[in-house]
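Residue numbers (numbering that gives the first Met the number 0): 0 to 171.
Each residue gets a CB set at the ideal place from its N, CA and C atoms; glycine is no exception.
In what follows, a structure is listed as structure tokens, so that the remarks can point back to it.
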Amino acid sequence: MKENIALIGLMGSGKTTIGRELAKALEMKFIDIDSIITTRENRNIVDIFNDEGEEYFRKLERTIIDEESKKNNIVISTGGGVIIDNSNIKNLRKTSYVIYLDSSLECIYERVKNGKKRPLLNDIDDLYKKIEELYEQRNWLYKISCDFTVEIVLESSIQDTVDIIKKAYIKS
Ligand code: S3P
């Protein structure tokens with residue numbers, strides 16, 4: 000069994016919510032890569048993208064994943080773009096059992112529609128179509144990067160999802 004668990008999946012797939020509950024259930028520490036980035040930079044993700052550009056953000060993301068993945072007994076919630084760079088996945092997989100939260104498009108849409116925290120989804124005319132495009136671009140990457148996939152639909156409860164992941168991790 001690997002030391003850590005990493006959650007991957009699209010924006011709004013529930014990584015932070017599920018990750019927090021999973022960490023409690025397994026008595027592990029919870030960490031969120033985006034939160035570490037914003038604390039370190041002392042500004043939010045939208046400001047980092049606006050002020051410095053996406054490349055700068057991706058570099059920070061890479062550095063922080065490299066550092067955090069070396070720690071023990073943690074549940075790591077990653078940003079949705081983590082699979083764009085293969086070195087992130089390599090680092091995560093060294094110490095973490097990687098779970099893909101494969102949330103339905105409806106689920107994602109409901110979770111992100113009122114938010115303004117995600118630069119890639121701000122000022123988009125057709126938000127549902129944008130989510131669909133991101134899913135098409137990234138679903139295969141999440142699939143080949145993970146050890147286990149859990150499907151999430153609007154009716155899924157947090158507790159059920161946590162139980163499924165917990166069982167899979169303990170069996171691994
Ligand atoms: C991104 C996802 C975001 C955040 C940034 C870029 C992406 O994290 O890292 O806005 O490329 O999918 P969440 O998945 O936690 O929203």
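Quiz item: When DSSP builds the beta bridges, which residues end up paired with Y55?
Solution: Answer is none; Y55 lacks a bridge partner.
Quiz item: V97 bridges to which residues according to DSSP?
Solution: A5
Exercise. State yes or no: is the C-beta of E40 within less than 7 Å of the C-beta of I47?
Key: yes
Practice problem: Determine the DSSP secondary structure at V74, reduced to helix, strand or coil. | Solution: strand
Exercise. Please go through the segment 91-155 and give each complete beta strand (DSSP E) segment of 3 or more residues, from N-terminal end onward.
Key: 95-102, 147-151
Quiz item: So, are the CB atoms of I164 and V152 less than 7 Å apart?
Solution: no
Exercise. Round the Cβ separation of Y134 and L104 to the nearest angstrom and send it over; I've been treating them as touching at under 8 Å.
Key: 6 Å
Quiz prompt | N113, buried or exposed, once every other Cβ within 10 Å from all chains shown has been counted against 16 | solution = exposed
Quiz item: Any idea which residues DSSP pairs K28 with across the strands?
Solution: I73
Exercise. Indicate whether S95 and A5 have their beta-carbon atoms separated by less than 7 Å.
Key: yes
Quiz item: On the three-state DSSP scale, how would you describe R42?
Solution: coil
Quiz prompt | Nearest neighbour of N85, chosen from S102, I98, I64 [CA to CA] | solution = I64
Exercise. Check the C-beta distance from I35 over to E67 and give it rounded, since I have them as a contact under 8 Å.
Key: 7 Å
Quiz item: Who are the near neighbours of V97 in its chain, counting only those whose CB is closer than 7 Å to its CB and skipping five residues on each side?
Solution: A5, I7, L91, S144, C145, D146
Quiz item: Is there a Cβ from chain B that is less than 7 Å from the Cβ of T37?
Solution: Among the chains in the structure shown there is no chain B, since it carries only a single protein chain.
Quiz item: Taking the C-alpha atoms as reference points, what is the distance between E109 and L119?
Solution: 16 Å
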